[in-house]
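The structure appears right after this line, and notes come after that.
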Amino acid sequence: MVRLDLVTDIGAIDVSSLELPNGGPRLPTDLWPDIISHLSFESLESVMFVCHYFRTLAQPFFFRTLAIKPFALYLSWTRQRNEDDCNWIKQKLEFYSSPTIARHVQICRITPYRPSGINSAFGTDRGRSTIDPIFKLLPQLTNLTEIDLDTVHLTEDNMKQMSRIPRLNTVFVKNCIVMALPIRLAAKTVFLRLKRCRSFHPSQPNALLLSLLQPDVVESLCMTGDPVAADFDDIARLPSLQCLHTLCINYSTALLASFLPCLTQLPVLREIILRVHSTYSPALQSSFLLPPSAIPLLEKYGGPLELAGYFGQGRPLKHLKLCGVHTGDNLLKHLSALNSDADIEALEFHVVDVNKSLLDGLFDTRLGFPSIKALDITFDSMDHKLLTCVLPTMRLPLDIEYLSIVQSDQSSDHAVPADELVLKKAYLTQYSALRYVAFTGNGYSWRFDPSTGAPAKGSRTMEDWQRPTLSQAMIERISKDD
Numbered sequence: 001m002v003r004l005d006l007v008t009d010i011g012a013i014d015v016s017s018l019e020l021p022n023g024g025p026r027l028p029t030d031l032w033p034d035i036i037s038h039l040s041f042e043s044l045e046s047v048m049f050v051c052h053y054f055r056t057l058a059q060p061f062f063f064r065t066l067a068i069k070p071f072a073l074y075l076s077w078t079r080q081r082n083e084d085d086c087n088w089i090k091q092k093l094e095f096y097s098s099p100t101i102a103r104h105v106q107i108c109r110i111t112p113y114r115p116s117g118i119n120s121a122f123g124t125d126r127g128r129s130t131i132d133p134i135f136k137l138l139p140q141l142t143n144l145t146e147i148d149l150d151t152v153h154l155t156e157d158n159m160k161q162m163s164r165i166p167r168l169n170t171v172f173v174k175n176c177i178v179m180a181l182p183i184r185l186a187a188k189t190v191f192l193r194l195k196r197c198r199s200f201h202p203s204q205p206n207a208l209l210l211s212l213l214q215p216d217v218v219e220s221l222c223m224t225g226d227p228v229a230a231d232f233d234d235i236a237r238l239p240s241l242q243c244l245h246t247l248c249i250n251y252s253t254a255l256l257a258s259f260l261p262c263l264t265q266l267p268v269l270r271e272i273i274l275r276v277h278s279t280y281s282p283a284l285q286s287s288f289l290l291p292p293s294a295i296p297l298l299e300k301y302g303g304p305l306e307l308a309g310y311f312g313q314g315r316p317l318k319h320l321k322l323c324g325v326h327t328g329d330n331l332l333k334h335l336s337a338l339n340s341d342a343d344i345e346a347l348e349f350h351v352v353d354v355n356k357s358l359l360d361g362l363f364d365t366r367l368g369f370p371s372i373k374a375l376d377i378t379f380d381s382m383d384h385k386l387l388t389c390v391l392p393t394m395r396l397p398l399d400i401e402y403l404s405i406v407q408s409d410q411s412s413d414h415a416v417p418a419d420e421l422v423l424k425k426a427y428l429t430q431y432s433a434l435r436y437v438a439f440t441g442n443g444y445s446w447r448f449d450p451s452t453g454a455p456a457k458g459s460r461t462m463e464d465w466q467r468p469t470l471s472q473a474m475i476e477r478i479s480k481d482d
């Protein structure tokens, strides 16, 4: 059993006074707090068991997350009860209810699991002795900003307890059912993985959805899983969501007839993300365009190429992350259909083959996109002479900051510069705003900062440049097992 010598404030630790274990790491001691601060909760759990030195450094970050998962939730009709789980949870809640610990908790994750063979979508869950004490603690966590619920039956008391969390900002809800009327939950970022079984009374509005979508509060919404038309009808009946600027949904629901009325309720929407599966193949088409009154301020679109025009035409698009591109000609055809309101600054896509006509279309100032600041191309095949002979003769956009042309499924990520690329890198130094360049392919991997000439420290992504509201990692976290 590990003895916890509680230290809950990293600023109170004199790292120079701590002794490293024999044979331990020899990095400067003042670096370790910063290193440990970047670890995931799961990694922190492991670090706590290494030694007293690491445990002392990890504790302030470890106590930021109250994780109660997984624990067995036996339903009343099974006539089963796991006393070990109940006792463990009781002791953990008593520990975290201490004001010294409670004030440091920022994230709470509640993830029960049920015995196999029990469908949690049906019946009333009366096994409340496990769940209720957890929710009773939540309002005491005065700095709690994020709550993550998976497979929980939410009662009216549970909803009221969540509504009293003073600093609640982000809510992840996966496979949950609400047995209560809607109640105001003031969260700015909402992630919902919905079930086909919406509630015990399908004719009733989705109480959880209506509780979380507060028109004057919610700014980002991600809905994955199996949202049905009725959920969109519920949103359409809400007052306009005056603060919602980011929406993420499954692409297969984007052209449902019930979805269009939802868009008219989102007057300040600036980003829409259509999530696709790895097995995605272009299928949806639209024979009409969105009315001008729908999402007039849209700037960012992420999703299938064939729907970019449907959502983007007539709107001031600046950022595009496209899937289903296949060929460069297909990409340029769809982009040319966007009218002059689109002034693209960031473009990200995966293409089978990179050729000269594609680069001409992107970089020719007469035909292409002179305002591009970030370009991220992932390809399956390309003649490296395009980088050594063709690209240096082209005039890139003057304000470009990020340029990445990389091969997919590379077996090696080691920095092995191609001699020809290194010799010709001088042409990139004329672009004063350019801070990151990545060229990779068969036999070479070259990443550097043209402003300094120094190799880049690790690979970067478009997310590092854009700093999106909803990161891909956050979306995948709620979308897992869709």
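Numbered according to the UniProt record's numbering, the sequence shown spans residues 1 to 482. Note that beta-carbon positions come from the ideal geometry of N, C-alpha and C, so glycine has one too.
Beta-carbon contacts of residue i that lie in its chain and below 7 Å, excluding the five residues immediately before and after
i, result
"isoleucine 10", "In this predicted model, isoleucine 10 has a pLDDT of only 44, less than 50, meaning its place in the structure is not dependable enough to derive any value."
"phenylalanine 259", "Phe232, Thr253"
"leucine 241", "Leu213, Pro215, Val218, Gln265, Leu266"
"leucine 44", "Ala58, Phe61, Phe62"
"leucine 421", "Leu387, Thr388, Phe439, Tyr444, Trp446"
"lysine 424", "Thr388, Pro392"
"leucine 144", "Val105, Gln106, Cys108, Leu138, Ile165, Arg167, Leu168"
When the options are compared against residue i, the one with the closest alpha-carbon
i, options, result
"glycine 312", "Asp231, Ser336, Leu210, Ser43", "Ser336"
"lysine 90", "Glu306, Lys136, Val105", "Lys136"
"isoleucine 235", "Leu396, Thr264, His350", "Thr264"
"valine 178", "Val406, Asn158, Asn169, Val190", "Asn158"
"valine 268", "Ala257, His277, Pro296", "Pro296"
"threonine 170", "Lys160, Lys188, Trp465, Leu154", "Lys188"
"leucine 403", "Asp464, Thr65, Ser357, Asp353", "Asp464"
"proline 139", "Arg435, Lys160, Glu401", "Lys160"
"isoleucine 475", "Arg184, Cys243, Leu144, His277", "His277"
"threonine 452", "Leu428, Thr111, Leu470, Lys321", "Leu428"
"isoleucine 405", "Tyr310, Thr142, Thr393, Met382", "Met382"
"glycine 314", "Leu338, Leu307, Glu306, Leu305", "Leu338"
"leucine 66", "Leu141, Leu398, Glu306", "Leu141"
"tyrosine 310", "Asn355, Asp353, Leu255, Lys356", "Leu255"
Cα-Cα separation, residue i to residue j
i, j, result
"proline 133", "leucine 212", "22 Å"
"aspartate 409", "alanine 438", "15 Å"
"residue 485", "aspartate 380", "It is not possible to answer for residue 485, since the shown part of the chain is limited to 1 through 482."
"phenylalanine 448", "serine 432", "14 Å"
"valine 105", "glycine 302", "34 Å"
"alanine 58", "valine 50", "10 Å"
"phenylalanine 54", "serine 37", "12 Å"
"cysteine 389", "aspartate 216", "54 Å"
"isoleucine 273", "valine 190", "14 Å"
"aspartate 360", "cysteine 262", "39 Å"
"residue 483", "glycine 441", "The first residue shown for the chain is 1 and the last is 482, placing residue 483 beyond what the model contains."
"phenylalanine 172", "lysine 333", "38 Å"
"glycine 123", "serine 479", "Low local confidence applies: a pLDDT of 45 at glycine 123 is under 50, so the model's placement there is unreliable, and no value is given."
"tryptophan 88", "phenylalanine 95", "11 Å"
"isoleucine 131", "aspartate 148", "14 Å"
"alanine 257", "glutamate 42", "42 Å"
"glutamine 430", "phenylalanine 349", "26 Å"
"proline 316", "threonine 461", "24 Å"
"threonine 393", "aspartate 364", "11 Å"
"leucine 244", "threonine 469", "11 Å"
"arginine 198", "histidine 153", "Low local confidence applies: a pLDDT of 46 at arginine 198 is under 50, so the model's placement there is unreliable, with the coordinate-based value given in what follows. In a straight line, the C-alpha of arginine 198 is about 12 Å away from that of histidine 153."
"residue 538", "phenylalanine 369", "What is shown of the chain runs 1 to 482, which leaves residue 538 out entirely."
"proline 292", "arginine 467", "28 Å"
Cβ-Cβ separation, residue j to residue i (assumed contact under 8 Å), whole Å
i, j, result
"isoleucine 68", "arginine 109", "7 Å"
"methionine 223", "leucine 194", "6 Å"
"alanine 180", "glutamate 156", "4 Å"
"isoleucine 372", "isoleucine 344", "6 Å"
"leucine 238", "arginine 270", "So it is not a contact: roughly 19 Å between Cβ atoms."
"leucine 289", "leucine 247", "Actually they are not in contact, since the Cβ atoms of leucine 289 and leucine 247 sit about 18 Å apart, beyond 8 Å."
Sequence-distant residues of its chain with Cβ nearer than 6 Å to residue i (five each side left out)
i, result
"phenylalanine 200", "Summary for phenylalanine 200: the model assigns pLDDT 41, below 50, so the residue's position carries little reliability; its value from the coordinates is reported in the next sentence. Here the set comprises nothing."
"isoleucine 101", "Phe63"
"alanine 346", "His319, Ala374"
"proline 182", "Ala207, Leu210, Ser211"
"valine 168", "The sequence given here places leucine at residue 168; valine does not occur at that position. Closer than 6 Å at the Cβ level, and outside the excluded window around leucine 168, lie Ala187."
Closer than 7 Å: residue i CB and nearest the ligand FMN heavy atom
i, result
"isoleucine 377", "As presented, the structure is devoid of all ligands, the ligand FMN included, so that no description of it is given."
Cut-off 8 Å between Cβ atoms - residues of its own chain near residue i, not counting five sequence neighbours on either side
i, result
"valine 351", "Val325, His326, Thr327, Gly328, Leu331, Leu358, Ile377, Thr378, Phe379, Asp380"
"isoleucine 400", "Ile372, Lys373, Ala374, Leu375, Tyr431, Ala433, Leu434"
| request: List in chain order: all unbroken beta strand (DSSP E) runs of 3+ residues lying wholly within the segment 228–307. | output: 246–250, 271–275, 300–304
| query | For the segment 323–356, which segments carrying the alpha helix (DSSP H) assignment without a break, of at least 4 residues, lie completely within its bounds, in sequence order? | reply | 328–337
| Length at least 3, wholly inside the segment 119–174: the beta strand (DSSP E) runs in chain order | 146–150, 153–155, 170–174
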